[in-house]
Amino acid sequence: MEADAGLGRFLLAIESGLIPLDGTSYLCIEQLDRLSRQSIDQANELFKKILRANVNIITMMDSKVYTKDSLNNFMEIVYSLFLMEQAHQESAKKASRIKSVFNGRLAKLERGEKIQYAGQIPGWLKKTKVSGVFEIDEAKANVVREIFTRKSNDESLKKIADDLNSRGVIRLRNKSDGSKLWTTGALSNLLKAESTYGVLIVKQTTKIKSLSGNRNEVTELGRFDNYYPAVISRELFMSAREKLREINTIKDYGRSTSKNLFSGLVYCGYCGERMYFDEDDKMLKTGRKYYRHLKCIGYLHKLCDKGKLKYDKFESVFPWSYAYDAEKGSAHTQAKISALSSERLTIEGELALNRDRLESLTAAFEASEDYDADFFLKTSSSISRKISAKQQELDSIITQISFFAGSVAEPLEFDLTNTSDRDKAKAQLKKILAAIIVYPAESMGFLLFKNGNVQSIDAIARAKTDMKAFSYFAVYAKELRKKLESGSGDAKLKKIFDALRHWSD
């Protein structure tokens with residue numbers, strides 16, 4: 001039966017015995033239609049499967065609790081079926097309306113009609129009140145032309161970005177955190193945009209769900225030449241694009257491979273920004289010397305003076321033992337992790353219940369003028385203390401799991417001078433890590449696993465378990481949560497916050 005990634009992992013935990021099946025476990029959802037938007041038959045089977053396993057289901061919207069006994073309650077089953085069918089029908093109608101609009105616009109494009117296909121238009125065009133009428137913003141178009149010309153002349157992205165920022169040239173479209181600075185990533189995206197020479201590419205994105213996680217499958221539905229007014233020639237686009245392609249095919253130690261094994265994973269602990277690979281070279285008497293570093297955006301733009309890390313040393317001393325094969329290792333340690341994981345799930349359930357109780361109690365107090373204030377204060381205080389105690393227990397368990405996870409598995413061995421092994425090492429890091437947080441000035445950092453486990457590393461080398469170091473990490477987690485909740489954080493940090501959920505509460 002198809003289930004989304006989160007629910008799929010929950011069902012797998014039930015089948016693996018990681019969730020207690022004595023009636024004390026709860027699955028909390030906003031309302032029953034969030035359980036599934038499949039057909040009523042499939043959704044009902046999923047609903048009954050969870051209850052048969054003796055796992056309770058709580059719908060927070062109406063505070064309704066479904067238990068194994070509910071399977072024998074005719075009215076409760078009928079009510080649940082009604083909600084599921086309603087959700088399925090609403091989902092089908094919405095999908096049909098969206099598809100109809102999508103196909104209508106595509107048909108107009110195929111007939112040669114000029115329409116504004118999407119809400120956003122390229123940043124170098126002006127928004128007009130007439131659909132399908134595009135007007136060039138010459139000031140911004142000149143920036144586009146400059147960037148393509150400079151890249152075509154083989155100028156580095158970093159040099160172009162630094163120069164644009166030093167001149168106060170703002171980005172064509174601000175980042176999600178409001179930043180107006182040019183980055184190498186923003187330049188790279190612009191240099192890949194075929195809309196610069198007038199092409200509109202219509203794509204359809206389909207979300208593919210599986211137990212290993214969600215992925216987007218993109219299908220190109222059509223290309224429409226001369227849709228936008230061109231601001232550069234196709235020849236200039238191709239020339240710059242070829243120069244961009246060349247820097248992505250890198251010769252390293254005589255082989256063609258990716259230089260940065262930690263691409264997209266490393267973040268600066270000081271300013272919270274992503275760290276990028278940077279390479280400089282100098283001609284010495286003994287030959288050309290290459291200097292490779294990881295630098296955060298803040299450091300590149302002189303906003304953070306500590307976000308710089310020597311890449312070659314970091315790669316050579318990185319604790320590769322954590323890129324492990326989790327299916328191998330000590331049976332005793334595996335059993336310990338399994339027991340801790342089971343305890344963790346129980347505490348998470350208790351935390352969720354207590355938070356829901358506190359939220360419901362607060363809502364009731366705020367909604368009623370006759371609510372007993374003394375009762376509210378005493379009860380809310382008691383629940384808050386329970387939440388705090390359970391959170392401390394949870395943090396302790398996560399720390400223990402992190403410690404044992406380092407010793408449970410048989411390390412995967414990589415020959416980092418071999419192209420194939422480098423690709424495998426990079427893929428394995430992407431598979432298990434949400435992020436690597438580093439503090440170069442303190443020679444320390446953290447490996448943050450996608451399952452929420454955390455392992456500290458010192459000297460950017462050896463793994464260790466140091467509660468003082470973890471206090472650093474707890475502060476980082478709380479600051480990241482504040483940043484994201486205020487809307488000022490980069491959307492790409494969301495995956496880190498998801499893994500940090502137990503540290504940032």
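Numbering (UniProt numbering) for the sequence shown: 1 to 505.
Note that beta-carbon positions come from the ideal geometry of N, C-alpha and C, so glycine has one too.
{"Query": "Local conformation of LEU18 per DSSP, three classes", "Result": "coil"}
{"Query": "Where ALA240 falls, given that 16 or more other Cβ within 10 Å makes a residue buried", "Result": "buried"}
{"Query": "Whether LYS259 touches GLU242 by CB criterion (9 Å)", "Result": "no"}
{"Query": "TYR197 vs VAL231 beta-carbon contact at 9 Å", "Result": "yes"}
{"Query": "Distance between ALA435 and VAL266 (C-alpha atoms, nearest Å)", "Result": "6 Å"}
{"Query": "Simplified DSSP assignment, three categories, for ILE250", "Result": "Note that ILE250 has pLDDT 41, beneath the 50 cutoff, so the model's placement of it is unreliable and the number below is only indicative. Three-state DSSP puts ILE250 in coil, outside helix and strand."}
{"Query": "4-residue-minimum alpha helix (DSSP H) runs that sit fully inside the segment 156–194, ordered along the chain", "Result": "157–166, 184–191"}
{"Query": "Coil, strand or helix - THR67 by DSSP", "Result": "coil"}
{"Query": "Where SER384 sits in the DSSP three-state scheme", "Result": "helix"}
{"Query": "Test item: CB-CB of SER25 and VAL55 under 9 Å", "Result": "yes"}
{"Query": "TYR311 - containing alpha helix (DSSP H), residue span", "Result": "311–317"}
{"Query": "Inter-residue Cα distance where the pair is GLY123 and SER263", "Result": "27 Å"}
{"Query": "VAL144 (DSSP reduced to helix, strand or coil)", "Result": "helix"}
{"Query": "Sufficient close CB pairs (3 or more, under 8 Å) joining the segment 351–360 to the segment 370–383", "Result": "yes"}
{"Query": "Residue environment, PHE237, which counts as buried when at least 16 other CB atoms sit within 10 Å", "Result": "buried"}
{"Query": "Where SER25 sits in the DSSP three-state scheme", "Result": "coil"}
{"Query": "Neighbour flag for ILE383 against chain D, beta carbons, 9 Å", "Result": "The question asks about chain D, but that chain is absent: this structure has only one protein chain."}
{"Query": "DSSP three-state assignment for ALA139, whether helix, strand or coil", "Result": "helix"}
{"Query": "Sequence-distant residues of its chain with Cβ nearer than 7 Å to LEU157 (five each side left out)", "Result": "THR184, LEU187, SER188"}
{"Query": "Proximity of LEU200 and ILE147 at Cβ, strictly below 9 Å", "Result": "no"}
{"Query": "Reduced DSSP secondary structure (H/G/I, E/B, other) of residue 508", "Result": "An answer regarding residue 508 cannot be provided, because it is not within the stretch 1 to 505 covered by the chain."}
{"Query": "Whole-Å CB distance - LYS308 paired with LYS295, under 8 Å assumed", "Result": "5 Å"}
{"Query": "Coil, strand or helix - ALA13 by DSSP", "Result": "helix"}
{"Query": "N-terminal and C-terminal residue of the beta strand (DSSP E) that GLY298 is part of", "Result": "Run containing GLY298: none in the beta strand (DSSP E); it sits in the alpha helix (DSSP H), 297–300."}
{"Query": "CB of LYS192 within 9 Å of CB of LEU244, strictly", "Result": "yes"}
{"Query": "Exposure of ASN453, with buried meaning 16 or more beta-carbon neighbours within 10 Å", "Result": "buried"}
{"Query": "Beta carbon of HIS301 nearer than 9 Å to that of PHE277", "Result": "no"}
{"Query": "TYR270 Cβ short of 8 Å to the ligand ATP heavy atom set", "Result": "The model depicted lacks the ligand ATP and carries no ligand whatsoever."}
{"Query": "Cross-strand partners of CYS268 (DSSP beta bridge)", "Result": "VAL438"}
{"Query": "Alpha helix (DSSP H) segment containing ILE432, residue limits", "Result": "419–432"}
{"Query": "Where GLY8 falls: helix, strand or coil (DSSP)", "Result": "helix"}
{"Query": "Proximity below 9 Å, CB of LEU11 to CB of ILE58", "Result": "no"}
{"Query": "Where TYR66 falls, given that 16 or more other Cβ within 10 Å makes a residue buried", "Result": "buried"}
{"Query": "Cut-off 7 Å between Cβ atoms - residues of its own chain near ARG223, not counting five sequence neighbours on either side", "Result": "VAL199, ILE201"}
{"Query": "Euclidean distance between Cα positions of ASN72 and GLY272", "Result": "53 Å"}
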